[in-house]
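K.L.:
Just so you know, the protein sequences line up as chains A and B, in that order.
Take the first sequence: its letter number 193 is residue 193 in the UniProt record's numbering, and every next letter is one higher.
Take the second sequence: its letter number 7 is residue 7 in the UniProt record's numbering, and every next letter is one higher.
Yeah, the Cβ is synthetic: ideal placement off N, Cα and C, and Gly gets one too.
There are 2 protein chains.
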Amino acid sequence: MEVTNKYIVIKAKIDGKPQESDFEFKTETLSLPINPVSNDIIVKNLCISIDPYQINRMKTVSASQETSEFAAGISPGEVIVAFGVGKVVASHNPKFEKGDYVVGHISWGEYSISQGFILNKLDPMGFPLSYHVGILGLAGLTAYAGFFEVCKPKKGEKVFVSAACGSVGNLVGQYAKNFGCYVVGCAGSAKKVKLLKEKLGFDEAFNYKEETDLNLTLKRYFPDGIDIYFDNVGGEMLEAAISTMNLHGRVALCGIISEYTNAGKRAAPDMLSVMYKSITIQGFLVGNYLHLFPEFLKLTIDHLRTGKMHVLEDVSFGLESVPSAFVGLFRGDNVGKRCVQVSQD
Amino acid sequence: MEVTNKYIVIKAKIDGKPQESDFEFKTETLSLPINPVSNDIIVKNLCISIDPYQINRMKTVSASQETSEFAAGISPGEVIVAFGVGKVVASHNPKFEKGDYVVGHISWGEYSISQGFILNKLDPMGFPLSYHVGILGLAGLTAYAGFFEVCKPKKGEKVFVSAACGSVGNLVGQYAKNFGCYVVGCAGSAKKVKLLKEKLGFDEAFNYKEETDLNLTLKRYFPDGIDIYFDNVGGEMLEAAISTMNLHGRVALCGIISEYTNAGKRAAPDMLSVMYKSITIQGFLVGNYLHLFPEFLKLTIDHLRTGKMHVLEDVSFGLESVPSAFVGLFRGDNVGKRCVQVSQD
Numbered sequence: 001m002e003v004t005n006k007y008i009v010i011k012a013k014i015d016g017k018p019q020e021s022d023f024e025f026k027t028e029t030l031s032l033p034i035n036p037v038s039n040d041i042i043v044k045n046l047c048i049s050i051d052p053y054q055i056n057r058m059k060t061v062s063a064s065q066e067t068s069e070f071a072a073g074i075s076p077g078e079v080i081v082a083f084g085v086g087k088v089v090a091s092h093n094p095k096f097e098k099g100d101y102v103v104g105h106i107s108w109g110e111y112s113i114s115q116g117f118i119l120n121k122l123d124p125m126g127f128p129l130s131y132h133v134g135i136l137g138l139a140g141l142t143a144y145a146g147f148f149e150v151c152k153p154k155k156g157e158k159v160f161v162s163a164a165c166g167s168v169g170n171l172v173g174q175y176a177k178n179f180g181c182y183v184v185g186c187a188g189s190a191k192k193v194k195l196l197k198e199k200l201g202f203d204e205a206f207n208y209k210e211e212t213d214l215n216l217t218l219k220r221y222f223p224d225g226i227d228i229y230f231d232n233v234g235g236e237m238l239e240a241a242i243s244t245m246n247l248h249g250r251v252a253l254c255g256i257i258s259e260y261t262n263a264g265k266r267a268a269p270d271m272l273s274v275m276y277k278s279i280t281i282q283g284f285l286v287g288n289y290l291h292l293f294p295e296f297l298k299l300t301i302d303h304l305r306t307g308k309m310h311v312l313e314d315v316s317f318g319l320e321s322v323p324s325a326f327v328g329l330f331r332g333d334n335v336g337k338r339c340v341q342v343s344q345d
Numbered sequence: 001m002e003v004t005n006k007y008i009v010i011k012a013k014i015d016g017k018p019q020e021s022d023f024e025f026k027t028e029t030l031s032l033p034i035n036p037v038s039n040d041i042i043v044k045n046l047c048i049s050i051d052p053y054q055i056n057r058m059k060t061v062s063a064s065q066e067t068s069e070f071a072a073g074i075s076p077g078e079v080i081v082a083f084g085v086g087k088v089v090a091s092h093n094p095k096f097e098k099g100d101y102v103v104g105h106i107s108w109g110e111y112s113i114s115q116g117f118i119l120n121k122l123d124p125m126g127f128p129l130s131y132h133v134g135i136l137g138l139a140g141l142t143a144y145a146g147f148f149e150v151c152k153p154k155k156g157e158k159v160f161v162s163a164a165c166g167s168v169g170n171l172v173g174q175y176a177k178n179f180g181c182y183v184v185g186c187a188g189s190a191k192k193v194k195l196l197k198e199k200l201g202f203d204e205a206f207n208y209k210e211e212t213d214l215n216l217t218l219k220r221y222f223p224d225g226i227d228i229y230f231d232n233v234g235g236e237m238l239e240a241a242i243s244t245m246n247l248h249g250r251v252a253l254c255g256i257i258s259e260y261t262n263a264g265k266r267a268a269p270d271m272l273s274v275m276y277k278s279i280t281i282q283g284f285l286v287g288n289y290l291h292l293f294p295e296f297l298k299l300t301i302d303h304l305r306t307g308k309m310h311v312l313e314d315v316s317f318g319l320e321s322v323p324s325a326f327v328g329l330f331r332g333d334n335v336g337k338r339c340v341q342v343s344q345d
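Structure representation (structure tokens):
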């Protein structure tokens, strides 16, 4: 078995905002068996998740690379591992057969070669494959675990979500509404604000780009204060949320996109507020919560089937669109979960 | 019953480092009954706790004043409520009799008048009264609850304590050592460092004033990283601790003395580290943990009686010494729990 694989690499480490010219396409030949006792499989990539955190792996130095296998540094010229869904085309691994759908670590390429460690067989259950990259995949589990486990919500609490039209934010807001919270989201365009309020059922939403004083903005939307802040952006929004927070408020630190491409920029939340209001700020990674996958899937599929949750996804087509899809994340031009359909099933 | 009470007030709001000249002494006559159906008692103040957080109540504006009754603003000319131990000299309250020792809210004065709401009868149990202001009082409970409830330690974990010779820090370090952790403290003089290592049993201690790069310092003392940081100071030390922290590290935010008198100064911890290392930063107030008082007292008395804990206190004498005792806190010149013995029992 031999396939020709086109894949994407970084030309050099990227320490600012990424540009399409930072990437290039390469071609290789993949063949099995690599050696007679290998467990290798070749996967045809179908749908690749496009995630902002990947930029941290492309930097010269980043906290991510020191601490997390999942976020190990990417070297120039090297295959870029990414979450996604694919189909096995050749297997020397007893756990996988040709034709199986798989979900987990694939790559920014047409094919992936893998020993199967971080791949699982996938039953699409009648849903589009892209759902298993987003709402029924890691984005969904991140939102579910972050909201229910990290934020420990109570019904009626006031929840603020930043990047609320993003892959995780839109789901957090929907879980929170279905759970019985008051939910306000912020996003970066009028179109997104309209979507949040009209399609996803957020109580309120605002365009942060139109606001001049985020403290005043948050006090306007939360006259009784914020109980839970689900943070996807960091920076000034985190500072403002903490200053608007109630006693025993909780911050789930899920993403810090404002700082990913701007290392000099850091939030300086008022720690006196954190102390006097007994606020908890908790960073988390979805990898801590994989054991919740079954309960997450059950609730989410139930919400999907009863129309209580809506899918917001932003799919582009063809491997060639990966660099522009990725670069666009940092301009905020995605609406919902961004993924690239590399190939038809 | 009538007594002449000398007490201390602030002349005006204090927005920087306090100075002795910011305070003045006043005299009033207190008499019972204030009205026939009152529950008032008059307490002769014996030992007053001198605490850094009081500066936040003396500022024009502070997060503390918006959020916590305990930390309500103090107006110029007004009696300054403080934690301490006293003795009832007159009572119109059925819960208290003349001669009772009491602990709770007294004041920066020779006498306090109170309705008894935030005062409890005290059994000194043979210990000096000053112990009930420090190791067996709120300082002790703060250390106990902050370490055991907020930090959730496991045996063998690596614990860092700042202001480790302070009223709370020295006790946190001792609880942590007795519990089976590796403990390093920082303080601001060679004398304090010696005390921490030789008297209190810290594994290591250092003088932060002699260090030029706190990240390197912490990496030297924690080659395997910090699991728990008990923060009494905020600022650069918080930033460095977070950068040295292990996966699932916990920060108990107990005090932020570096920022109390310097509102422009704020820590900007690297939130990418907080996220990627799944760190929790939790602010807390001892008031959240009053229900733990019995178990705290039991353990602490046991440790005292078996010699597993040592008392570090810094007592001055006479009401006149209160302003200098307070002002000195912000130069770090206290060693252990600072209190003022206003009167002999």
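Pull out every residue of the region 261-274 of chain B whose Cβ sits closer than 7 Å to any Cβ of chain A, in chain order.
P.N.:
Against chain A - using a Cβ distance shorter than 7 Å - the residues of the region 261-274 of chain B are 266, 267, 268, 270, 271, 272, 273, 274.
K.L.:
Using the Cα positions of residue 298/A and residue 175/A, report the straight-line distance between them to the nearest angstrom.
P.N.:
For the purposes of this step, residue 298/A is taken as the residue at position 298 of the first sequence. For the purposes of this step, residue 175/A is taken as the residue at position 175 of the first sequence. Rounded to whole angstroms, residue 298/A to residue 175/A spans 13 Å at the Cα level.
K.L.:
Assuming residue 258/A is part of the alpha helix (DSSP H), what are its boundary residues?
P.N.:
Taking the first sequence and counting its residues from 1, the one referred to as residue 258/A is at position 258. Residue 258/A -> alpha helix (DSSP H) spans 257-260.
K.L.:
Residue 259/A versus chain B: which residues are under 7 Å apart at the beta carbon?
P.N.:
In the first sequence, residue 259/A corresponds to position 259, counting from 1. Those within 7 Å of residue 259/A in chain B are 271, 272.
K.L.:
If you draw a straight line from the alpha carbon of residue 209/A to that of residue 134/B, how long is it in whole angstroms?
P.N.:
Here residue 209/A refers to the residue found at position 209 of the first sequence. Here residue 134/B refers to the residue found at position 134 of the second sequence. Spanning the two alpha carbons is a distance of roughly 50 Å.
K.L.:
Should residue 280/A be flagged as near chain B, meaning a C-beta pair shorter than 8 Å?
P.N.:
Position 280 of the first sequence, counted from the first residue, corresponds to residue 280/A. Output row for residue 280/A: interface = yes.
K.L.:
Any idea what DSSP makes of residue 245/B, helix, strand or coil?
P.N.:
Locating residue 245/B in the second sequence gives position 245, where the first residue counts as 1. Strand, per DSSP.
K.L.:
At the 8 Å Cβ level, is residue 156/A part of the contact set with chain B, yes or no?
P.N.:
For the purposes of this step, residue 156/A is taken as the residue at position 156 of the first sequence. No, residue 156/A lies away from the interface with chain B (no Cβ there is under 8 Å from its Cβ).
K.L.:
Look at the Cβ atom of residue 215/B, then the Cβ atom of residue 189/B, and state whether they are nearer than 8 Å.
P.N.:
Working through the second sequence from its first residue, we reach residue 215/B at position 215. Working through the second sequence from its first residue, we reach residue 189/B at position 189. No; because the gap between Cβ atoms is not below 8 Å, this pair is not in contact.
K.L.:
Jot down the residue ranges of each uninterrupted beta strand (DSSP E) in the region 62-148 of chain A, minimum 3 residues, whole runs only, in chain order.
P.N.:
Fully enclosed beta strand (DSSP E) runs of 3 or longer: 81-91, 101-107, 111-114, 119-121.
K.L.:
Mapping DSSP to helix, strand and coil, what is residue 173/B?
P.N.:
Counted from its first residue, the second sequence places residue 173/B at position 173. Residue state, collapsed to three classes: helix.
K.L.:
Compute the distance between the beta-carbons of residue 181/A and residue 230/A, then report whether it is under 8 Å.
P.N.:
On the first sequence, position 181 is the one that residue 181/A refers to. On the first sequence, position 230 is the one that residue 230/A refers to. For residue 181/A and residue 230/A, no; Cβs fall outside 8 Å.
K.L.:
Going by DSSP, name the residue or residues bridged to residue 347/A.
P.N.:
It is not possible to answer for residue 347/A, since the shown part of chain A is limited to 1 through 345.
K.L.:
By how many angstroms is the C-alpha of residue 290/B removed from the C-alpha of residue 245/B?
P.N.:
Here residue 245/B refers to the residue found at position 245 of the second sequence. Here residue 290/B refers to the residue found at position 290 of the second sequence. Whole-angstrom Cα-Cα distance: 29 Å.
K.L.:
For a contact meaning CB atoms closer than 9 Å, what does residue 106/B contact in chain A?
P.N.:
Mapped onto the second sequence, residue 106/B falls at position 106. Under the 9 Å cutoff, chain A gives no residues; its nearest Cβ is about 22 Å from residue 106/B.
K.L.:
Between residue 256/B and chain A, is there a C-beta pair that is closer than 8 Å?
P.N.:
Position 256 of the second sequence, counted from the first residue, corresponds to residue 256/B. It does: the Cβ of residue 256/B has a partner Cβ on chain A nearer than 8 Å.
K.L.:
Compare the C-beta of residue 234/B with all C-beta atoms of chain A and state if any pair is closer than 8 Å.
P.N.:
Stepping through the second sequence from its first residue, residue 234/B is reached at position 234. Yes, contact with chain A.
K.L.:
Using the beta-carbon of each residue, which ones in chain B are nearer than 7 Å to residue 253/A?
P.N.:
Start at 1 with the first residue of the first sequence, and residue 253/A comes out as number 253. Ordered by position in chain B, the residues that pass the 7 Å Cβ test against residue 253/A are 271, 274, 275.
K.L.:
Run through DSSP, which three-state label would residue 232/B get?
P.N.:
On the second sequence, position 232 is the one that residue 232/B refers to. Looking at residue 232/B - three-state DSSP - the assignment turns out to be coil, as it is neither helix nor strand.
K.L.:
Going straight from the alpha carbon of residue 201/B to that of residue 222/B, what length do you get?
P.N.:
On the second sequence, position 201 is the one that residue 201/B refers to. On the second sequence, position 222 is the one that residue 222/B refers to. The alpha-carbon atoms of residue 201/B and residue 222/B are separated by roughly 17 Å.
K.L.:
Check the Cβ-Cβ distances between residue 288/B and every residue of chain A, and say whether any is below 8 Å.
P.N.:
Reading the second sequence from its first residue, position 288 is the one you call residue 288/B. Residue 288/B counts as touching chain A.
K.L.:
At a Cβ threshold of 8 Å, is residue 56/A touching chain B?
P.N.:
Stepping through the first sequence from its first residue, residue 56/A is reached at position 56. Residue 56/A counts as touching chain B.
K.L.:
Taking 8 Å as the threshold (beta carbon to beta carbon), is residue 71/A in contact with chain B?
P.N.:
Looking up residue 71/A in the first sequence gives position 71. It does: the Cβ of residue 71/A has a partner Cβ on chain B nearer than 8 Å.
K.L.:
If you measure from the beta carbon of residue 167/B to each beta carbon in chain A, is any gap under 8 Å?
P.N.:
Start at 1 with the first residue of the second sequence, and residue 167/B comes out as number 167. Output row for residue 167/B: interface = no.
K.L.:
Output the boundary residues of the beta strand (DSSP E) element that contains residue 280/A.
P.N.:
On the first sequence, residue 280/A is found 280 positions in, with the first residue counted as 1. Start and end: 280-283.
K.L.:
Distance cutoff 8 Å, beta carbons only. Does residue 62/B sit that close to anything in chain A?
P.N.:
In the second sequence, the residue the question calls residue 62/B occupies position 62. Cβ-Cβ to chain A under 8 Å: yes for residue 62/B.
K.L.:
Could you pull the start and end residues of the beta strand (DSSP E) that residue 306/B belongs to?
P.N.:
Position 306 of the second sequence, counted from the start, is the residue given in the question as residue 306/B. It is not in any beta strand (DSSP E) - residue 306/B carries neither H nor E in the DSSP assignment.
K.L.:
How about residue 158/A and residue 224/A: are their beta carbons less than 8 Å apart?
P.N.:
For the purposes of this step, residue 158/A is identified with residue 158 of the first sequence, where counting begins at 1. For the purposes of this step, residue 224/A is identified with residue 224 of the first sequence, where counting begins at 1. In contact: residue 158/A and residue 224/A (Cβ atoms closer than 8 Å).
K.L.:
Exposed or buried, what is residue 12/A when buried is set at 16 or more other beta-carbons lying within 10 Å of its beta-carbon?
P.N.:
Walking along the first sequence from the start, residue 12/A turns up at place 12. By the neighbour-count rule (16 or more Cβ atoms within 10 Å), residue 12/A is not buried but exposed.
K.L.:
Taking the straight line between their C-alpha atoms, what separation do you get for residue 311/B and residue 296/A?
P.N.:
The residue labelled residue 311/B in the question sits at position 311 within the second sequence. The residue labelled residue 296/A in the question sits at position 296 within the first sequence. Taking the straight line from one Cα to the other gives about 51 Å.
K.L.:
Classify residue 33/A as buried or exposed, calling it buried when 16 or more other Cβ atoms lie within 10 Å of its own Cβ.
P.N.:
Looking up residue 33/A in the first sequence gives position 33. The residue in question, residue 33/A, is exposed, as its Cβ has fewer than 16 Cβ neighbours within 10 Å.
K.L.:
From the DSSP output, read off the bridge partner residues of residue 24/B.
P.N.:
Here residue 24/B refers to the residue found at position 24 of the second sequence. DSSP lists 9/B as partners of residue 24/B.
K.L.:
Assuming contact is defined by CB atoms lying nearer than 8 Å, are residue 235/A and residue 258/A in contact in what I supplied?
P.N.:
Within the first sequence, the letter at position 235 stands for residue 235/A. Within the first sequence, the letter at position 258 stands for residue 258/A. Contact flag set, yes.
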